[in-house]
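First comes the structure, then the notes that go with it.
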Amino acid sequence: MRNERLNDPDSMGDKLLKFALPSIAGFVAGKVFQLLWNKGTGAKLSEEDEAQQGLLMSVLFAALSAAFTASVSMLSDRGSKAFVARRHRKRAAR
1 MRNERLNDPD SMGDKLLKFA LPSIAGFVAG KVFQLLWNKG TGAKLSEEDE AQQGLLMSVL
61 FAALSAAFTA SVSMLSDRGS KAFVARRHRK RAAR
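54 is the number that the numbering used here gives to position 54 of the sequence shown; each next residue is one higher, with no gaps.
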């Protein structure tokens with residue numbers, strides 16, 4: 001186990017970057033999506049119409065928000081891994 005840790009090419013900064021960047025990007029994407037959703041659905045409905053559409057809109061928001069946030073997290077995860085791999089290649093070339 002000690003050998004694995006010593007032979008691991010990722011530094012603590014690399015590991016932190018690969019963890020934090022997708023997490024923060026996903027969080028920010030979720031907040032941006034929520035802000036855009038609230039602006040887009042800001043029309044006031046009567047109580048009866050709102051009750052009928054409430055469940056449907058909640059489910060739609062949850063599905064779209066999850067899809068958008070997951071996509072952004074996945075892309076930022078790939079980007080952070082590619083960035084770290086490029087740093088390793090540059091370091092090895094020296």
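All C-beta atoms in this analysis are idealised placements derived from N, C-alpha and C, irrespective of residue type, glycine included.
Close Cβ partners of residue i (< 8 Å) along its chain, the five nearest in sequence each way excluded
{"i": "LEU21", "result": "SER76, ASP77, GLY79 and SER80"}
{"i": "MET1", "result": "none"}
{"i": "PHE33", "result": "LEU64, SER65, PHE68 and THR69"}
{"i": "ARG87", "result": "ASP14"}
Alpha carbon of residue i to alpha carbon of residue j, nearest angstrom
{"i": "ALA29", "j": "GLY42", "result": "20 Å"}
{"i": "ALA51", "j": "SER65", "result": "21 Å"}
{"i": "ALA70", "j": "GLY26", "result": "7 Å"}
{"i": "LEU35", "j": "ALA92", "result": "44 Å"}
{"i": "MET12", "j": "LYS31", "result": "28 Å"}
Cβ shell of residue i (< 7 Å), same chain only, five flanking positions each side left out
{"i": "TRP97", "result": "As shown, the chain starts at 1 and ends at 94. That puts residue 97 outside it, with no answer to give."}
{"i": "VAL72", "result": "ALA25, GLY26 and ALA29"}
Reduced DSSP secondary structure (H/G/I, E/B, other) of residue i
{"i": "ARG2", "result": "helix"}
{"i": "SER76", "result": "helix"}
{"i": "THR69", "result": "helix"}
{"i": "PRO22", "result": "helix"}
Nonlocal neighbours in the same chain, by C-beta distance under 6 Å from residue i, ignoring five residues either side
{"i": "LEU17", "result": "SER80"}
{"i": "ASP14", "result": "VAL84"}
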